[in-house]
Each structure stands twice: as structure tokens, then as C-alpha cells.
Amino acid sequence: MKLLIVEDEKALSDSISSYLEQESFVCDQAETYMGALAKIEQYDYDCILLDINLQDGNGLELLKELKSNHKGDGVLIISARNSLEDKVSGLKLGADDYLPKPFHLSELGARVAAIIRRRHSAGSNFIRLADILIDIQARAVMVDSRPLDLTRKEYQLLLYFAYNKGRVVSKNAIAEHLWGDDTGAMDNYDFIYTHIKNLRRKLVEAGAGDYIQSVYGMGYKLQVP
Amino acid sequence: MKLFTHYSRINFLASILALALGSVSYYFIIRTVLIHQLDDTLKVEEAEILNYVRLKDQLPEPANYRDQQIAFEPADKAVERQFQHISRRDPYRNNERGPFRQLLFPVSAGGRVYTVSVRKSEVETEEMLQWIMFVTAGMILLLLGILFLANRLLIRRLWQPFYQTLEALKKFNLTNREPLHHAPTSIREFQDLQRVVDHMTGTIRKDYEMLKEFADNASHEMQTPLAIINSKLDLMIQDQGLEERHLRQLQAMYDAVSRMRQLNQSLLLLTKIENHQFVQAGPVALDTLISEKLVQLEDLIQDKHLTLRVGLQPCLVQMNAYLSDILLSNLLVNAIRHNEEKGAINIQLGPHELRISNTGVPLPFDPASIFDRFTKSSQSEGTGLGLAIVRQICDNYGFSLSYVNGDGWHTIRIGFTPEYHG
Numbered sequence: 000m001k002l003l004i005v006e007d008e009k010a011l012s013d014s015i016s017s018y019l020e021q022e023s024f025v026c027d028q029a030e031t032y033m034g035a036l037a038k039i040e041q042y043d044y045d046c047i048l049l050d051i052n053l054q055d056g057n058g059l060e061l062l063k064e065l066k067s068n069h070k071g072d073g074v075l076i077i078s079a080r081n082s083l084e085d086k087v088s089g090l091k092l093g094a095d096d097y098l099p100k101p102f103h104l105s106e107l108g109a110r111v112a113a114i115i116r117r118r119h120s121a122g123s124n125f126i127r128l129a130d131i132l133i134d135i136q137a138r139a140v141m142v143d144s145r146p147l148d149l150t151r152k153e154y155q156l157l158l159y160f161a162y163n164k165g166r167v168v169s170k171n172a173i174a175e176h177l178w179g180d181d182t183g184a185m186d187n188y189d190f191i192y193t194h195i196k197n198l199r200r201k202l203v204e205a206g207a208g209d210y211i212q213s214v215y216g217m218g219y220k221l222q223v224p
Numbered sequence: 000m001k002l003f004t005h006y007s008r009i010n011f012l013a014s015i016l017a018l019a020l021g022s023v024s025y026y027f028i029i030r031t032v033l034i035h036q037l038d039d040t041l042k043v044e045e046a047e048i049l050n051y052v053r054l055k056d057q058l059p060e061p062a063n064y065r066d067q068q069i070a071f072e073p074a075d076k077a078v079e080r081q082f083q084h085i086s087r088r089d090p091y092r093n094n095e096r097g098p099f100r101q102l103l104f105p106v107s108a109g110g111r112v113y114t115v116s117v118r119k120s121e122v123e124t125e126e127m128l129q130w131i132m133f134v135t136a137g138m139i140l141l142l143l144g145i146l147f148l149a150n151r152l153l154i155r156r157l158w159q160p161f162y163q164t165l166e167a168l169k170k171f172n173l174t175n176r177e178p179l180h181h182a183p184t185s186i187r188e189f190q191d192l193q194r195v196v197d198h199m200t201g202t203i204r205k206d207y208e209m210l211k212e213f214a215d216n217a218s219h220e221m222q223t224p225l226a227i228i229n230s231k232l233d234l235m236i237q238d239q240g241l242e243e244r245h246l247r248q249l250q251a252m253y254d255a256v257s258r259m260r261q262l263n264q265s266l267l268l269l270t271k272i273e274n275h276q277f278v279q280a281g282p283v284a285l286d287t288l289i290s291e292k293l294v295q296l297e298d299l300i301q302d303k304h305l306t307l308r309v310g311l312q313p314c315l316v317q318m319n320a321y322l323s324d325i326l327l328s329n330l331l332v333n334a335i336r337h338n339e340e341k342g343a344i345n346i347q348l349g350p351h352e353l354r355i356s357n358t359g360v361p362l363p364f365d366p367a368s369i370f371d372r373f374t375k376s377s378q379s380e381g382t383g384l385g386l387a388i389v390r391q392i393c394d395n396y397g398f399s400l401s402y403v404n405g406d407g408w409h410t411i412r413i414g415f416t417p418e419y420h421g
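Chain order of the listed sequences is H and Z.
Take the first sequence: its position 212, counting from 1, is numbered 211 in numbering that gives the first Met the number 0, and each next residue is one higher.
Take the second sequence: its position 380, counting from 1, is numbered 379 in numbering that gives the first Met the number 0, and each next residue is one higher.
Set out below in C-alpha cells:
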């Protein structure tokens, strides 16, 4: 899987790149409009992470360019301007998703994975984690071919971990992903713990391994052998 | 007191004073002139009598006419010549007493000294004077009346531009970008006033815009550094070599970044609402929306073991869907966040009002400032902007918003105005 990160902040671009490379993505980086244009013309990417505010141009123009060339690349817009207009015009121009800055890398990872999954039509409706199989189309989970009954939140939690497998996901990121931005600064995150505990219990009871580990109370990590 | 009342009062008093003084002096002048004329006639008579006596050395026949009476009386010595006002019966006027002007002078005829009195009734003069005064008084009243009306109309019209500017200033609203509407005027003072007012409001608006733009830009510019910090934290926690004490510090940093981000987003949202950037509106079913929100927030409510009492009647409100979502989110999260363990929340939605009450410790700040920006208790992890956003949304739509507390309950009430009902 090949990604292009178009972002003029080198530090942020580097973070994104090293986070996603852990998930066997190959990341190209471009810091300018012209640089991005050259790379887009030369290569095909599975997903392009596009910052709207570039020093030498507007990311939306790049998006137009991309769509007029009938490129099949998926596009995720990342923008510091969390404005509805940018979002609407970006999605209208054919972007797949929109993520306002600042964001958690785990959230970005989940969004990128979702875009790539949607773009690859065949056989991509399933995610396999050792003996766990997630059917995204049907929103169902099976352990050793036996269906597992999960609540909506537990399912979302498992999917989020699956998209970020092998990496530590912070509690803040989980709270914001599942309960919305309002909860990002709640006094405590005990409610997350309850859901994770239930998910782990259900998985273990169904005969799956206990893949979700707590990382010193600051986050969780799904590690499959 | 209104300008016109004030002005006409002074104007009236001055006019009356001037006219009163004028009338009094007018009366005396006319009177003096008329008496002088009377005296002239008496002097003519005197001259005739003296002439007669000098020629004939005897008194003429005393002659009494209707308006002039002449009498001769022997005297011991020559009387001093003088004019007199006297009052006596007038045989020509039913013997009523009346004022007379009389000239006394001595005359010698046939070796004897006489006192001659020539009298003329002053009644006619008095009558004439009265008529003159009547006419004058009528004129004065007429003058005052016309002056009053003229002032009234003139002042109204003259000050029209002033009143219009005043009205425009009363309606002046910082967030409204429409220029002030002035009445056209050719009066220099008013033109100056309008220019100054325009300049002043323009400056205020520009400063306000700049301040807002600054807050907006500052918030936006902060997003990228925050994104960098957040992403570096996300990478750092992947490090296997970290120990628990490091992670605890990282957690604190995460929380701080989260708060910062929320603060930023709330500020930006507030500016956008203030700028009326959410124009699209449609009917929103608040009852449905509240039920949805409560499902979303279920975990937070259970986590604090809160008892929930909900009474929802159908309530359609005409507003922007995104803002209605923000409004309810903020109110509900507020009621949860500032609640106590095992507390309660009571949500009552009627066709025209929404009441959200929650238990909790008394406010550590002045309740009147609860909807102000950055009003919050020092322990609160919130941004202090949630209720400020609620107020801004209510202001935009003309909803009434109030807060009351008592018996350990905090209640926020929103009244929906009929015009916003779908």
C-alpha cells in the first residue's frame, strides 16, 4: 500500500509517516503544491493525505487536478481550518473523508484504512485478526466461524483497534472516536474501561485470545500473534 | 424633558415677559399721548378765553358742551395754572362719576380775579385706551399661538436628522454589518454629528472585527502546532521502553492537548455563530434529538450513576440542525459534567420551553455570570465556553435563556419564541 502525505509541516508529516509505516504502508512525503503535483503525475497512490493550506497553493486545487485526470487515488483531507465549507467543497470535489487538525494518529490510521478498504472492492469487507473475523459490511464479528454478539460500542471499539493493530491507542483517542469530541476532556475515562473489559471478556469467552492489552492505564493495544 | 418642551418653555416665558413689559410701556405711552392731546384742546380753550377777556375785559358766557365744560369762579387771589385729573359727576352721563381732565388758570376781568376751570371728560380717552389694549392683547395671543405652532413644526422638522441618528445609534449592533441610516440634512451641525457618529461606529466595528479576526486566526494557527504535539505523543507511547512514570506524564500532556483543542474549537465555533455563519435553518424536532443525545451520552450518565428523569413533549423549532445539536450537547454534557456522584438530571421539554436541571454543589461564582465566557469553577476540566455558546445560539435565534438554583438543583431554561416554531 502506497500513501502520499501532502503536508507543509515537516514535523507532522514525519509523525504521520512513521505511524503509518508501522502498518506496512509505504509513505511518500510532499511539502509543496508543486512537489505533490509532480508525485501525483508520476505515481499511483492508494490514498493521498491532503493538507488544504499549502504555501504555494490550495490543496483543493490539487484535488481538482487529481479528479480531472481520473486518478483512482483515495483522498483524505486534513485541514487546520475546521470549516464546514472546506469540508463540503472537499467532499464535493471527490475527497473520501475530511479530518480537522489536530487529530490522533490512531484516528488518522483508522480513516486511511477505511478509505483503502472501500477503494479495493473485492474481498476487503473482512478483517482477520488471528481467529477473529470482522465482517464490516454486515457489522458482525465471528470467532472461529461462530458469531459473537457485541454491542455497537464494543464493535466500534474492536474495529478501531483492528485498524490500529500493533500500536498503542490512547484513551483520549478512543473516547473522542467513540463518544465524540465533547468527551475528549472528560474528568475520567472509566466508561471506556467498562466497555473494553466487556469486549475482552466476550472475546475470551468465545475462545479467542486475549489480544487487547492495557498500557499502564494510558491506552490499549491490540496485538495479534 | 424633551428638547422641544424645554425650548418652548424658555421661548414662551421670554415672549410673555417681553410682551408684558412692552404692553405696559405701550399703555403708558398711549395714555400720555392721549392726555397730551386732551391738554392741547384745553389749552386752545384757554387761549380763546384769555383772548376774549383781553379784548372785552369781561368773562364769556360759561358754556357747557357735552365733552367740555367751562366754569368761572371768583377767587381771592390768582390760582396757579395747573392741569388736574379729577373725578366728578358727569351730567351728560346720567350723573355718574367719571374721570375728567381739568385745566385751572386765573383770569382778571372787570377788576376781579377769577379761577377758570376747563374740563374735558376722560371717559372717551379711557375707552379708546381700552380698545387699543384689547386689540393689542388679541395680537399678543395670536402671536404666541403662531409662535408655538411654528416652533413645534419647525423644531420637529429641523431636528429630524438628529432623532433619526439617535434612533440608528439605539439600534446599533456590533455584529450587524449594516451601515447606520441617517436622514439627509443641509444643517452643518447635523452633518458633523452624522460624520462623527459614522466615523466612531466604523472604528468600533473595525476594531471589533480585528479582534475577532485575531481570535479566529490565533485559534487556527494553533491547530497545526497542536496537531504536531498530539502526533508526537501518539508516536511516543508506541515506545516499548517507556516506564509507567513516563506514561503518566504523557497522559497529562494528552489531557492538556485535548483541552487546548477543545478550547480552540469552542472559540472558533463561538466566532462562527456570532458571525451568523450557520444560515441554513429547518424544522428540528428537539424531542427526537434529545432522545438521540441521551443514547450517545448514556455511558457518561451511567459512569456517574446519575438518575435520569425525562419528560418530552413534541417540540418543533426552526433552526440550524448543527447548532441545535451543539445546543443540546452542551446543555446535557454540562448537566453531566457538573453533577455529583449518584446525582440526578431532570429534562422537561414542552412545546415552548426546555428545562434541564441537575443536582450539584452550589456555584463557586456569581450565578449572573454563568453564561459568560470562561466562567467556571477552578476544578472544572471544561473550557468554560459551553454555556457561552449556548447563550450565543439563543441570542441568534431570540430564545430566552435563564438560570435558577435552589435546593441543590441547577436549572437552565430556554423559552422558544413562537416565530421560530416550525
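Cβ atoms here follow ideal geometry from the backbone N, Cα and C, with glycine treated the same way.
Closer than 8 Å to chain Z by CB, residue i
i, result
"Tyr97 (chain H)", "no"
"Ala184 (chain H)", "Note that Ala184 (chain H) has pLDDT 48, beneath the 50 cutoff, so the model's placement of it is unreliable and no number is given."
"Ala207 (chain H)", "no"
"Gly58 (chain H)", "no"
"Glu204 (chain H)", "no"
Contacts that residue i makes with chain Z (C-beta to C-beta distance below 9 Å)
i, result
"Val214 (chain H)", "Ile236, Leu241, Leu246"
Beta-carbon neighbours of residue i, restricted to chain Z and to distances below 7 Å
i, result
"Arg80 (chain H)", "His219"
"Asp55 (chain H)", "Within chain Z, no residue comes near Asp55 (chain H); the closest Cβ sits about 17 Å away, beyond 7 Å."
Nearest-angstrom Cα separation, counted from residue j out to residue i
i, j, result
"Leu156 (chain H)", "Ser368 (chain Z)", "40 Å"
"Leu299 (chain Z)", "Glu153 (chain H)", "15 Å"
"Thr31 (chain H)", "Leu61 (chain H)", "11 Å"
"Thr193 (chain H)", "Gln301 (chain Z)", "11 Å"
"Phe213 (chain Z)", "Gln222 (chain H)", "46 Å"
"Arg148 (chain H)", "Asp134 (chain H)", "The sequence shown places Asp at residue 148 (chain H), not Arg. Between Asp148 (chain H) and Asp134 (chain H), the C-alpha separation is close to 13 Å."
"Ile78 (chain H)", "Asp50 (chain H)", "Note on residue identity: the sequence assigns Ser, not Ile, to residue 78 (chain H). Cα-Cα distance, rounded: 5 Å."
"Lys66 (chain H)", "Asn52 (chain H)", "19 Å"
"Ala184 (chain H)", "Lys375 (chain Z)", "Unreliable placement is indicated for Ala184 (chain H), whose pLDDT of 48 sits below 50; the coordinate value is still reported in the next sentence. Cα to Cα, the separation comes out at about 15 Å."
"Tyr51 (chain Z)", "Asp89 (chain Z)", "27 Å"
"Met132 (chain Z)", "Glu72 (chain Z)", "38 Å"
"Lys271 (chain Z)", "Ser265 (chain Z)", "10 Å"
"Val167 (chain H)", "Gly73 (chain H)", "26 Å"
"Ser286 (chain Z)", "Asn329 (chain Z)", "Position check: residue 286 (chain Z) holds Asp in this sequence, whereas Ser was assumed. Whole-angstrom Cα-Cα distance: 16 Å."
"His409 (chain Z)", "Ile325 (chain Z)", "20 Å"
"Lys100 (chain H)", "Ala161 (chain H)", "23 Å"
"Trp130 (chain Z)", "Tyr26 (chain Z)", "11 Å"
Proximity test, Cβ basis, 8 Å: residue i and chain H
i, result
"Leu299 (chain Z)", "yes"
Partner residues on chain Z for residue i, Cβ-Cβ distance less than 8 Å
i, result
"Asp189 (chain H)", "Asp302"
"Met217 (chain H)", "Ile236, Leu246, Arg247, Leu249, Gln250, Tyr253"
Proximal chain B residues relative to residue i, where beta-carbon distance stays under 7 Å
i, result
"Gln159 (chain Z)", "The question asks about chain B, but that chain is absent: this structure's protein chains are H and Z."
Where residue i meets chain H, residues with beta-carbon distance less than 7 Å
i, result
"Gln347 (chain Z)", "Result: empty, since nearest Cβ-Cβ is about 22 Å, beyond 7 Å."
Interface partners of residue i on chain H, CB under 8 Å
i, result
"Gln295 (chain Z)", "Trp178, Gly179"
The ligand ATP heavy atom lying under 7 Å from the CB of residue i
i, result
"Asp371 (chain Z)", "Looking at this structure, you won't find the ligand ATP or any other ligand, since it has none at all."
Proximal residues, the segment 206-232 of chain Z versus chain H, C-beta separation under 7 Å: For the segment 206-232 of chain Z, the residues whose beta carbon sits under 7 Å from a beta carbon of chain H are, in order, His219, Gln222, Thr223, Leu225, Ala226, Ile227, Asn229, Ser230, Lys231.
Quick one, which residues of the segment 100-129 of chain H are near chain Z if we go by CB-CB under 8 Å, in chain order? Lys100, Pro101, Phe102, His103, Leu104, Ser105
Go through the segment 68-105 of chain H residue by residue and report every complete run of the beta strand (DSSP E) that reaches 3 residues or more, in order. 73-78, 96-99
Below 8 Å between beta carbons is the criterion; list the residues of the segment 6-23 of chain H that meet it against any residue of chain Z, in chain order. Glu8, Ala10, Leu11, Ser14, Ile15, Ser17, Tyr18, Gln21
Please identify, using Cβ separations under 8 Å, the residues of the segment 248-265 of chain Z that lie next to chain H, in order along the chain. Leu249, Gln250, Tyr253, Asp254, Val256, Ser257, Arg258, Arg260, Gln261, Gln264
Check distances from the C-beta atoms of the segment 161-177 of chain H to those of chain Z and list, in chain order, the residues that come in under 7 Å. Arg166, Val167, Ser169, Asn171
What are the residues in the segment 311-325 of chain Z lying within 7 Å of chain H by C-beta distance? Per Cβ criterion, the list is empty.
Where the segment 389-410 of chain Z meets chain H: residues whose CB sits under 8 Å from a CB there: none
Which ranges does the beta strand (DSSP E) cover as unbroken runs of at least 3 residues, wholly within the segment 347-408 of chain Z, from first to last along the chain? 352-358, 399-405
Which ranges does the alpha helix (DSSP H) cover as unbroken runs of at least 4 residues, wholly within the segment 170-211 of chain H, from first to last along the chain? 170-178, 189-204
Hey, which unbroken runs of the beta strand (DSSP E) at 3 residues or more fall wholly within the segment 81-157 of chain Z? 81-89, 95-108, 111-120
Inside the segment 28-58 of chain H only - alpha helix (DSSP H) runs reaching at least 4 residues: 32-41
Ignoring anything shorter than 4 residues or poking outside the segment 215-264 of chain Z, list the alpha helix (DSSP H) runs there in chain order. Listed in chain order, there is nothing to give.
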